[in-house]
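This report concerns only the one structure given below.
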Amino acid sequence: MNKENIKKLISLIIEGSGDNHARDGLKGTPERVANLYEELFSGYKKDINDIVNNSLFDTTLDDMIVVKNIEFSSICEHEMTPFFGMVNLGYIPNKKIIGLSKIPKIIEIFSKRLQVQENLTNQISTALDSIISPHGLGVVVEARHTCSIMRGDNFSSSNLITSSMHGSFRSNSKTRQEFLSHIEKNIL
């Protein structure tokens with residue numbers, strides 16, 4: 057990431073909006089935004105193989121595993137405004153399970169990029185499918201998009217839900233329904 061270019065561009069945006077990037081309240085803004093963008097777009101620098109590392113474990117389990125309410129935030133590639141929400145996923149192991157702590161890290165690799173929710177959902181499911189090769193896998197993402205809230209499109213209370221199903225989650229309606237019923241429940 058070229059932070060110097062970002063600082064220059066943020067200064068131009070401030071000036072282009074009619075303000076002065078050198079005034080008291082904005083003096084350090086270009087640098088702060090460049091530092092923020094370095095974090096928001098950190099997914100470009102991460103390698104999924106480094107994250108997974110030695111976190112695949114043999115198993116004889118063949119029942120569904122569901123992980124719910126994994127928080128994420130991302131930046132929309134269309135307007136460069138934030139969207140944020142929850143990822144819910146489930147899979148039926150095929151001799152391998154992945155360490156629980158690796159799942160949010162995999163999600164972060166893809167969410168910390170310029171992104172659209174539809175692609176984010178597919179990237180998460182495709183990555184997990186290739187890593188653990190489960191019998192079935194489902195990913196459901198629900199998010200709020202600030203572009204809709206801030207522009208006055210009358211979508212201020214709406215959420216977008218996207219899903220991606222693989223294997224038995226796609227081909228077997230009972231399996232898919234079991235997964236969806238798990239993510240709808242609030243047990244805790």
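As numbered in this note's numbering, residues 57 to 244 make up the sequence shown, in order. Ideal Cβ positions, reconstructed from N, Cα and C, are used throughout, including at glycine. Here the structure is a predicted model, which is why all the values come from computation and not from measurement.
Taken atom to atom, the span from the alpha-carbon of Lys230 to that of Asp119 is near 13 angstroms. Nearest C-alpha to Ser204 among Lys152, Phe139 and Leu236: Phe139.
Inclusion of Gly192 and Ile148 in the CB contact set at 7 angstroms is warranted, their separation being smaller than that value. Per the C-alpha coordinates, the member of Ser237, Arg169 and Ser186 positioned closest to Asn105 is Ser186. Linking Lys102 to Arg79 through their CA atoms gives a straight-line distance of about 36 angstroms. With a threshold of 16 other beta carbon atoms within 10 Å, Thr116 falls short and is exposed. Closest in C-alpha terms to Ala183, from the list Glu95, Val172, Thr202 and Ile162, comes Ile162.
Here Lys152 has Leu112 and Ile188 as same chain residues with Cβ atoms under 6 angstroms from its own Cβ, once five neighbours each way along the sequence are excluded. Beyond the five residues adjoining it in sequence on each side, Tyr93 comes within less than 6 angstroms, by CB distance, of Ile62 in the same chain, given in chain order. When DSSP states are grouped into helix, strand and coil, Arg200 belongs to the strand group. Pairing His238 with Phe166, the inter-Cα distance amounts to about 24 angstroms.
If you draw a straight line from the Cα of Leu236 to the Cα of Ile69, it is about 44 angstroms long.
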